[in-house]
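Below: one structure, written as structure tokens.
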Amino acid sequence: MRNITGLMLLLISAQLFAQSNNPQIPKTGINTNAFVPKGWKIIYRAKGDLNKDHLPDEAIIIQNTNPENIIKNEGMGIDKLNLNPRMLLVLFKTSGNYSLQSKNAIFIPTENNEENTCLADPLEETGAINIKNGTLTLSYQYWLSCGSYWVNNADYTFRFQNQKMELIGFDAESYSRSSGEQTTTSVNFSTRKKSETSGGNMFSDKTNKPKTVWKKFNWGRLLTLDKMTEELAQKLAEI
């Protein structure tokens, strides 16, 4: 009986820990703080009208603060890795409160990466989220403090349509901090057109000879913010 009781306590403890890393988010709240679970904090926010009702909607990225998710780094880079999960919430303003429109807890990278310990926080340099002209842009920058000179930027633009936050644009840029070599890609899911620019150089006017090629592509149903994953993002890069 004692062993069974101990096992049950371990299972309950594990369940509570799992819940704290992926908590339930309320559907409505009087302000944005009402959507922030206990032990979490807002780290990025953007304001603007997303659904054309002339009220200020908000997008916030929240992060868990559980010290158990901060581990010692056994590899190269910084001494400790913050692996606390993050979550993006899109909140629509109504006359009396806010309502949760979209949530994504799997596509928002953590501050540090256990598999690639030299990777900087992908959100720190970009400011993460921006609302402009009725669209929400989620921006990442991937660069390494050791192991590579390449920097990769990725912007995902969403618009509220068909009662969903749908992905309408994807923009990517890669450049070398060593040679200055630069390439860019822009994908428009509304027009099904893509541009690829290569041959650019950030450091040398002599070798900076960018050439842009346009092409059409086939794509099915538009992706939505709440369904975005790293695997789907990889497919976008391969269009």
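Under mature numbering (1 follows the signal peptide of the UniProt record, and there is no 0), residues -18 to -1, 1 to 221 are what the sequence shown spells out, in order. We put the beta carbon where it would ideally sit given N, CA and C, even for glycine.
For residue j and residue i, the rounded distance between their alpha carbons
i, j, result
"Gly78", "Asn13", "9 Å"
"Asp103", "Thr173", "33 Å"
"Asn135", "Tyr122", "6 Å"
"Ala41", "Thr10", "14 Å"
"Ala154", "Ala87", "22 Å"
"Thr189", "Leu120", "32 Å"
"Asn200", "Lys176", "10 Å"
"Ile221", "Leu101", "25 Å"
"Lys75", "Lys34", "11 Å"
"Thr165", "Glu56", "34 Å"
"Leu207", "Lys62", "31 Å"
"Ser130", "Tyr80", "43 Å"
"Pro38", "Ser127", "38 Å"
"Phe142", "Thr179", "29 Å"
"Gln45", "Val169", "30 Å"
"Thr99", "Met58", "6 Å"
"Ser(-6)", "Asn3", "Note that Ser(-6) scores a pLDDT of 39, beneath 50, so its modelled location is shaky; the value from the coordinates is reported in the next line. Using only the alpha carbons, I get a separation of about 13 Å."
"Asn95", "Trp132", "17 Å"
"Pro67", "Lys197", "38 Å"
"Ala219", "Ile24", "29 Å"
"Leu205", "Glu148", "6 Å"
"Lys20", "Lys85", "17 Å"
"Ala215", "Asn48", "28 Å"
"Val72", "Lys209", "13 Å"
"Asn150", "Phe171", "In the sequence under discussion, the amino acid at residue 150 is Ile, which differs from the Asn named in the question. Near 5 Å, if we compare the C-alpha coordinates of Phe171 and Ile150."
"Asp137", "Gly202", "20 Å"
Buried versus exposed call for residue i [16 or more other C-beta atoms within 10 Å across all chains shown]
i, result
"Ile60", "exposed"
"Ile90", "buried"
"Gln83", "buried"
"Ile53", "exposed"
"Glu213", "exposed"
"Val195", "exposed"
"Met69", "buried"
"Pro192", "exposed"
"Asn15", "exposed"
"Thr211", "exposed"
"Glu50", "exposed"
"Gln145", "exposed"
"Glu97", "exposed"
Integer Cβ distance of residue i from residue j, believed to fall under 8 Å
i, j, result
"Tyr26", "Leu105", "7 Å"
"Phe17", "Pro5", "In fact, because the Cβ distance is near 10 Å, the residues do not count as touching under 8 Å."
"Phe140", "Leu118", "5 Å"
"Asn64", "Thr108", "Actually they are not in contact, since the Cβ atoms of Asn64 and Thr108 sit about 18 Å apart, beyond 8 Å."
Closer than 7 Å: residue i CB and nearest the ligand FAD heavy atom
i, result
"Ser168", "Ligands are entirely absent from the displayed structure, and the ligand FAD is therefore not among its contents."
Would you call the region 154 to 162 and the region 172 to 187 touching, i.e. three or more CB-CB distances under 8 Å? yes
Counting beta carbon pairs with one atom in the region 113 to 123 and one in the region 25 to 40, are three or more of them shorter than 8 Å? yes
Those runs of the alpha helix (DSSP H) which lie wholly inside the region 79 to 133 and span at least 4 residues: none
Hey, which unbroken runs of the beta strand (DSSP E) at 3 residues or more fall wholly within the region 36 to 77? 39 to 46, 52 to 54, 62 to 64 and 68 to 75
Counting only runs of 3+ residues fully inside the region 180 to 206, write out the beta strand (DSSP E) ranges in chain order. 193 to 198
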